[in-house]
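Residue numbers (my numbering), protein chains in the order written: chain R, 25 to 304; chain W, 95 to 417. Glycine residues also receive a C-beta, built at the ideal position from the N, C-alpha and C atoms. Report on the structure given below.
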């Protein structure tokens, strides 16, 4: 009973603070718009800690945040090795290869309006399919090390990037293209100086969607077979050993990696497409 | 005169349809042709070993020498094995017709109640997907309404909803299954939870955008009519959010299906598409994996297609349906 009252107290305190903050005059400043979600997150974590420890919930069901933090701190080496195996070798390699392949196909298809028209619906359709399911096939073909994960990731990120690039390359007006023609620019100068820059907002949209897909692909593919290393491997074996604090520690790593990767792409987008209305 | 006009119109519509379909079909045909060609080098070694055991004479006699050749050159040196690469029972890469055959066998030929029928496994996955999708969408819409009407919720919850899109939440799936299993909840429900939270965040983000899409002019107009905020919600905000809702639903339903499939992996694989993929993988039956993969893809495609049809009908009824 005490636990519920205490947790409710924490919730009311946190919520009251946020109501005050979000209705204050300075609520739109940068500092406040960071502070408010942080307070919300801390409130949830404190409630979680209070409820789990005071109600003596088994760590097999839900470990308290303090236990997860302790596990995270004590197994940094292991987490770092898993991170390298899954994110750097699996996800990043696959992401880069998928991206290059998508750009190449988009540029090739771009020369023919017929192909462009065909690739858009087929690619959009393929992007909606559960491509993660190809994981067992790639693991069988390429072995259980990172190469098979990179292949799954490559296929998963290929279609969203392709569709966005092809759609982006179509996004110039006749007036702009005519202007290039009056300058005497041929296909390649027009592509490099006008159409690719104009396509960049679309391309980055695809690249940002693909960041999350890359991590999902690399982690889920490890459920189908991996060396004794990697985030997906650690998650599935730790679940088997009921070491849920380890699973949560890996999920924290995945969350940090995912938002950093996305943030990196968003930052790049801001630097490269500074001229676009959505960035001003 | 009139009939000529009507048939003319019909032909016009048909032509525009064909103009859209033919390029797409061409691309599909190219992909299938490429796949069919890949079958030869992918299965060449496997087929050659098999053929030698059956008494065929091959150019490099020793299996070890064959291993050093690439699949393509092996097939070119022994043209006799090329047709055989298409009829392997356990191919590395099955040919398109084998996949179609396997799908036909397991979808149409088997009784639905059979454990080997893909309709049975499909229903297991689909029911979890749909239950989760409905739960996730309902909660998502409710949270979006809360966010739009409460400044505090907007400021505290919305950043988390956006950040959560960048996190591979699917990694949580095995843990949720085990966690719920430990407190005695098994079967359909844990998978639905995974489906629900995968469709939840896209719907929240999309609906918040949609409910905020009416501009100041439209909101002002309603104010001059003297409407209260309740009427403003039902007559302006909700209707203008519908296109955004459908866009999110289409993302959400395919995410839900992936969630349900992945949710089937750690439970020891009893039933469902995910279970079939795992079974095919572990027992060396590639056709089972391939059939499950394609069945899952077809299911996803049908779900998205159904939503698109509902979207088009709804938007047309609402007077927004230009496309």
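Residues near residue i in its chain [Cβ-Cβ closer than 8 angstroms; skip 5 each side]
i: residue 221(W); result: 282
i: residue 29(R); result: none
i: residue 196(R); result: 218, 219, 222
i: residue 375(W); result: 383
i: residue 163(W); result: 154, 171
i: residue 131(W); result: none
i: residue 64(R); result: 38, 42
i: residue 169(W); result: 134, 135, 138, 175, 176, 179
Residue i: first and last residue of the uninterrupted alpha helix (DSSP H) it sits in
i: residue 76(R); result: 54-78
i: residue 198(W); result: 190-198
i: residue 301(W); result: 282-305
i: residue 216(W); result: 212-243
i: residue 141(R); result: 137-151
i: residue 299(R); result: That residue, residue 299(R), is in no alpha helix (DSSP H); it is neither H nor E in DSSP.
i: residue 91(R); result: 89-98
i: residue 268(W); result: 267-276
i: residue 177(R); result: 170-193
i: residue 379(W); result: Counting along the chain, residue 379(W) falls outside any alpha helix (DSSP H), and DSSP gives it neither H nor E.
i: residue 25(R); result: That residue, residue 25(R), is in no alpha helix (DSSP H); it is neither H nor E in DSSP.
i: residue 117(R); result: 117-134
i: residue 226(R); result: 220-246
i: residue 203(W); result: No alpha helix (DSSP H) contains residue 203(W), which DSSP labels as neither H nor E.
Chain-ordered neighbours of residue i on chain W, where CB pairs are closer than 7 angstroms
i: residue 286(R); result: 260
i: residue 240(R); result: 262, 264
i: residue 114(R); result: The premise fails here: residue 114(R) is roughly 12 angstroms from chain W at the closest Cβ pair, so nothing lies under 7 angstroms.
Best match in the options for proximity to residue i [C-alpha to C-alpha]
i: residue 239(R); options: 38(R), 110(R), 270(R), 214(R); result: 110(R)
i: residue 107(R); options: 256(R), 261(R), 32(R), 204(R); result: 256(R)
i: residue 11(R); options: 262(R), 286(R), 174(R), 282(R); result: Any property of residue 11(R) remains undetermined from this structure, which presents chain R solely from 25 to 304.
i: residue 241(R); options: 96(R), 89(R), 85(R), 115(R); result: 115(R)
i: residue 103(R); options: 36(R), 267(R), 86(R), 277(R); result: 277(R)
i: residue 163(R); options: 289(W), 411(W), 380(W); result: 380(W)
i: residue 275(W); options: 357(W), 240(W), 161(W), 315(W); result: 357(W)
i: residue 345(W); options: 148(R), 269(R), 202(R); result: 148(R)
i: residue 76(R); options: 250(R), 67(R), 89(R), 65(R); result: 89(R)
i: residue 179(W); options: 265(W), 365(W), 143(W); result: 143(W)
i: residue 177(R); options: 189(R), 158(R), 187(R); result: 158(R)
i: residue 352(W); options: 249(R), 244(R), 251(R); result: 244(R)
i: residue 176(W); options: 265(W), 184(W), 136(W), 195(W); result: 136(W)
i: residue 236(R); options: 156(R), 51(R), 25(R); result: 156(R)
Spatial distance of residue i from residue j (CA atoms)
i: residue 231(R); j: residue 260(W); result: 12 angstroms
i: residue 258(W); j: residue 280(R); result: 11 angstroms
i: residue 272(W); j: residue 172(W); result: 52 angstroms
i: residue 145(R); j: residue 246(R); result: 31 angstroms
i: residue 47(R); j: residue 58(R); result: 15 angstroms
i: residue 129(R); j: residue 201(W); result: 35 angstroms
i: residue 139(W); j: residue 165(W); result: 6 angstroms
i: residue 17(R); j: residue 172(R); result: Residue numbering for chain R in the displayed model covers 25 to 304; residue 17(R) lies beyond these limits and cannot be assessed.
i: residue 95(W); j: residue 139(R); result: Only weak support is given to the placement of residue 95(W): the predicted model assigns it a pLDDT of 47, under 50, and the value that follows is read from those uncertain coordinates. Straight-line Cα distance between these residues: approximately 38 angstroms.
i: residue 396(W); j: residue 242(W); result: 32 angstroms
i: residue 288(W); j: residue 135(R); result: 43 angstroms
i: residue 417(W); j: residue 406(W); result: Residue placement at residue 417(W) is poorly supported in this model, since its pLDDT is 44, which falls under 50; the coordinates still yield a value, given next. Distance between the alpha carbons of residue 417(W) and residue 406(W): 8 angstroms.
i: residue 213(W); j: residue 141(R); result: 34 angstroms
i: residue 386(W); j: residue 295(R); result: 44 angstroms
i: residue 224(W); j: residue 350(W); result: 8 angstroms
i: residue 317(W); j: residue 393(W); result: 46 angstroms
i: residue 377(W); j: residue 264(R); result: 21 angstroms
i: residue 127(W); j: residue 310(W); result: 54 angstroms
i: residue 43(R); j: residue 295(W); result: 23 angstroms
i: residue 248(R); j: residue 160(R); result: 6 angstroms
Own chain, CB closer than 6 angstroms to residue i, minus 5 neighbours either side, in chain order
i: residue 184(R); result: 151, 230, 233, 234
i: residue 384(W); result: 188, 193
i: residue 298(W); result: 234, 237, 238, 255
i: residue 87(R); result: 268, 269
Within chain W, the residues that residue i reaches when beta carbons sit closer than 8 angstroms
i: residue 191(R); result: Within chain W, no residue comes near residue 191(R); the closest Cβ sits about 15 angstroms away, beyond 8 angstroms.
i: residue 42(R); result: 246, 249, 250
i: residue 2(R); result: Lying before the first or after the last residue shown, residue 2(R) is absent from chain R, which here runs from 25 to 304.
i: residue 282(R); result: 260, 261, 262
i: residue 57(R); result: 249, 253
Partners in chain R for residue i, counting only beta-carbon separations shorter than 7 angstroms
i: residue 118(W); result: 142, 145, 146
Contacts around residue i, its chain only, beta-carbon distance under 7 angstroms, and the 5 residues preceding and following it disregarded
i: residue 335(W); result: 301, 304, 305, 307
i: residue 231(W); result: 293, 297, 343, 346
i: residue 247(W); result: 240, 241
i: residue 133(R); result: 139, 140, 143, 190
Chain-ordered neighbours of residue i on chain R, where CB pairs are closer than 8 angstroms
i: residue 289(W); result: Here the premise fails: no neighbours, minimum Cβ distance about 12 angstroms.
Distance cut-off 7 angstroms: residue i Cβ against heavy atoms of the ligand SAH
i: residue 135(W); result: Here there are no bound small molecules, and the ligand SAH is not part of this structure.
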